[in-house]
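**Q**
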Amino acid sequence: MDPLAFLAGVAVVAGACTTVPLYMRARRAERHADRAERLAERLAGELAVERHAASHDPLTGLPNRRAFYQRGTELVADGTRHPLVAVVLDVDGFKQINDAFGHSAGDEVLVTTARRLSDIAGSGLVARLGGDEFAGLLAGRPGSPQEQADRLAVALAAPMRLGGQVITVSVSVGLVPVEPDAHLADAIHRADAAMYRSKGARRRPHHPAPHLSAHQHVLHTTLRLTRPRPPAEMEPFHRPTTAN
Numbered sequence: 001m002d003p004l005a006f007l008a009g010v011a012v013v014a015g016a017c018t019t020v021p022l023y024m025r026a027r028r029a030e031r032h033a034d035r036a037e038r039l040a041e042r043l044a045g046e047l048a049v050e051r052h053a054a055s056h057d058p059l060t061g062l063p064n065r066r067a068f069y070q071r072g073t074e075l076v077a078d079g080t081r082h083p084l085v086a087v088v089l090d091v092d093g094f095k096q097i098n099d100a101f102g103h104s105a106g107d108e109v110l111v112t113t114a115r116r117l118s119d120i121a122g123s124g125l126v127a128r129l130g131g132d133e134f135a136g137l138l139a140g141r142p143g144s145p146q147e148q149a150d151r152l153a154v155a156l157a158a159p160m161r162l163g164g165q166v167i168t169v170s171v172s173v174g175l176v177p178v179e180p181d182a183h184l185a186d187a188i189h190r191a192d193a194a195m196y197r198s199k200g201a202r203r204r205p206h207h208p209a210p211h212l213s214a215h216q217h218v219l220h221t222t223l224r225l226t227r228p229r230p231p232a233e234m235e236p237f238h239r240p241t242t243a244n
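The end of the sequence shown is residue 244 by the UniProt record's numbering, with every number in the run present.
1. Out of R27, A26, L39, V126, state which residue places its alpha-carbon closest to the alpha-carbon of V87.
2. Report buried or exposed for E179, applying the criterion of at least 16 other Cβ atoms within 10 angstroms of its Cβ.
3. Considering only the alpha carbon of each residue, which of L162, A194, R190 lies closest to G106?
4. Should H211 be labelled buried (16 or more other beta-carbon atoms within 10 Å of its own) or exposed?
5. Nearest-angstrom Cα distance between L152 and G174?
6. Per DSSP, what kind of secondary structure is S104 in: helix, strand or coil?
7. Take G130 as the anchor and find which of A121, R65, D192 has the nearest alpha-carbon.
8. Checking the sheet assignment: what are the DSSP bridge partners for residue 246?
9. If you compare alpha carbons, which of G136, E108, V166 is closest to D119?
10. With a 10 Å radius around its C-beta and 16 neighbouring C-beta atoms as the bar for buried, classify E108 as buried or exposed.
11. With 16 as the cutoff for other CB atoms within 10 Å, does H206 come out buried or exposed?
12. Rounded to whole angstroms, how far is the Cβ of L84 from the Cβ of A139, which I believe are closer than 8 Å?
13. Hey, could you find the ends of the alpha helix (DSSP H) L75 is sitting in?
14. Give me the Cα-Cα distance between A158 and T168, rounded to the nearest whole angstrom.
15. Let's see if you can read the secondary structure: which residues bound the beta strand (DSSP E) around D90?
As structure tokens, then:
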């Protein structure tokens, strides 16, 4: 055997013995890096879900009370987002809806109300404060608070179909303009007070409050329920509501 060829062969084998372990270690390192990256992505996703759950209402998907005040404060402080109008509303006769149709139907009313209010808010902010009470900042909408209230009334008074039933709900609402230097909590407090004045005026129909504006009257439609019947007999019936 040629000594030079033998030595060359030995060198090749030695090089292979060195290269193969290095290659295997590199491959293991790549697999570990891939697993670490996937784990980091999964943890980041879980953290994002937890943060969303902590700041949003699980039924409607709207920001909750805490998130509303955090984001709303920033919105009010941003002078480029004005004019703004603070709104607080709740669904009239909500307990009746739950009693007549069940809690799943009541949930659907809340989800529909949340969606419609969000559409009205545009680039503003809407939140579910709890129960059947919602709050929002209407932004980037033309017109006076009166005109915005009219649009809100029309949107929320549209009939809702719940299975075989058609239901029209009313809301009690308060609307107040928000100045650029205003405190959000104060604006929401004033809107909430206006909402309860509006609700109280409906309990005393013969003695309307002198400060009650016209738009607060049009925002109150009577809850009407329609029973499913054969087409030839389809007639709506009226069930009056009682104030919350």
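Using N, Cα and C, we set each Cβ at its ideal position, and we do this for glycine too. Just so it is clear, the structure is predicted and the values come from calculations on it, not from any experiment.
**A** Result, derived from the coordinates:
1. Ranking the options by Cα distance to V87, first place goes to V126.
2. Exposed, since its Cβ has fewer than 16 Cβ neighbours within 10 Å.
3. Proximity to G106 across L162, A194, R190 peaks at L162, based on C-alpha coordinates.
4. Annotation note: pLDDT 35 at H211 (below 50); position unreliable, no value reported.
5. Those two C-alpha atoms are separated by around 11 Å.
6. Here S104 sits in helix by DSSP.
7. For the set A121, R65, D192, the Cα lying nearest the Cα of G130 is the one of R65.
8. The structure shown does not extend to residue 246, since the chain spans only 1 to 244, so no value can be given for it.
9. Of G136, E108, V166, the residue nearest in Cα terms is G136.
10. Counting the other Cβ atoms within 10 Å of the Cβ of E108 gives 16 or more, which makes it buried.
11. Bear in mind that the predicted position of H206 carries a pLDDT of just 42, short of 50, making it unreliable; the figure below should be weighed with that in mind. By the Cβ neighbour-count rule, H206 is exposed, with fewer than 16 other Cβ atoms within 10 Å of its own.
12. The C-beta distance from L84 to A139 rounds to 5 Å, short enough to meet the 8 Å contact threshold.
13. L75 -> alpha helix (DSSP H) spans 65–77.
14. Taking the straight line from one Cα to the other gives about 7 Å.
15. Per DSSP, D90 is one residue of the beta strand (DSSP E) stretching across 84–91.
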